[in-house]
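Positions in the sequence shown are counted from 1; adding 183 to them yields our numbering.
By construction, the Cβ of each residue, glycine as well, lies at the ideal position given by its N, Cα and C atoms.
Down below is the structure, laid out as structure tokens.
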Amino acid sequence: MSMLRRAQRRRDLLRRTTAAACTILFAMTGHEALAGSNDALHDVYGYYSYMMDVKDEIASYRAAKEALAQAKKDLADAQQNLADAKAGVADAAANLAQAKANLHDAEVQLAAVKNALAAAEALSAQRTQEAIAAQQAEADYAPTVYAQRAHVEAISARYDRMAAASGDTSAPLSSAAEKDRAAVVARVLNEVGYQQNRVNDAQVMVNAALAGAAPAETTAGTTEGTTDTSAIDAASAEVEAAQAELDAVEDYFSQLTAAREAAEDAERDAREAVADYQQDLADSTTNLAEATSYGADAENYQQQAAAWERDAVRDEGTAEQQL
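Right, dumping it as structure tokens:
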């Protein structure tokens, strides 16, 4: 029987008892009435006390009912908190794994950049030496070019003076003589290999070759005329040989200039590559520091999530005990 039903029965019994007591009281007289009234009052007091106890029981029941509802709510909250804590632990584990992966990638990237920078610096040093060597080669060969130019100018001026002294400033030559002289110059230059340090040898060889051909070329002229023509032809051949040598010298000098420019371009590119890798190194170092910090934060979060889960398990157990 429930507590409410028992309380209802007690209230009904109390009403019937009170009514009976009043009937007896009014029906009695004298000592009987007095004795009856005392008994009735005693019974009323007893039932009043009983009613107060019942009231307290009802209040206790209501409080217990409210406490049970609160305990159920607390248990539900504790269970939800535990579920959230478990999710937090899983999230913390995922964050920590990602942080470790990022840290590993940052370390690998930094090592790769360091290796690339070292290689770029070595290449830059090599390109610098090559550029210096190319510059020095060009500078060392420049006096040869200038000397050959001066030599050509000098013998050209001498040839002009000889032609003027012979009375023929144009110094015309026969077609056959011109062809012979050109052939001699070409043959001699080929023999000396267009070497600048053999210009004097080339001149001697050309003069000797032309001098040997002079009698056949001057059968129609006077001896003096032949001598003048041979000297002019020799001077002309010398000019042509020197000019051909100058062309070869300047061509080689142009090659040295092109090599110097290419070496300087390569050296500049190498320096720029070093600068780029230095910036990459700074960026990779920053990334590594950030990854390390993120890893530390992830570890702290994991520890906090684990503590949260332990507290949630404890709170759930406490809430279950309150039911």
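Exposure of Ala-236, with buried meaning 16 or more beta-carbon neighbours within 10 Å
At residue 236 the sequence reads Asp, which differs from the Ala that was named. With fewer than 16 Cβ atoms within 10 Å of its Cβ, Asp-236 is classed as exposed.
Looking only at C-alpha atoms, which of Ala-289, Glu-240, Asp-452 sits nearest to Leu-306?
Asp-452
Sequence ranges, alpha helix (DSSP H) only - wholly within the segment 236-278, length at least 4:
none
Assess contact between the segment 478-493 and the segment 292-299, defined as three or more Cβ pairs (one per stretch) separated by less than 8 Å. Is contact present?
no
Taking Glu-421 and Ile-338 to be in contact with their CB atoms under 8 Å, please state how far apart those CB atoms are, rounded to whole angstroms.
5 Å
Kindly indicate which three-state DSSP category Gln-505 falls into: helix, strand or coil?
coil
Is the segment 416-436 touching the segment 326-337, taking contact as three or more C-beta pairs under 8 Å?
yes
Compute the minimum distance between the beta carbon of Asp-343 and the heavy atoms of the ligand FMN, and state whether it is under 8 Å.
Among the components of this structure there are no ligands whatsoever, and the ligand FMN is therefore not found.
Within this structure, are the beta carbons of Leu-279 and Glu-473 separated by less than 9 Å?
no
Just the C-alpha distance for Glu-455 and Gly-271, rounded to the nearest angstrom, thanks.
48 Å
By DSSP, does Ser-349 sit in helix, in strand, or in coil?
coil
Return the CA-CA distance between Ala-314 and Ala-431, expressed in angstroms with no decimal places.
24 Å
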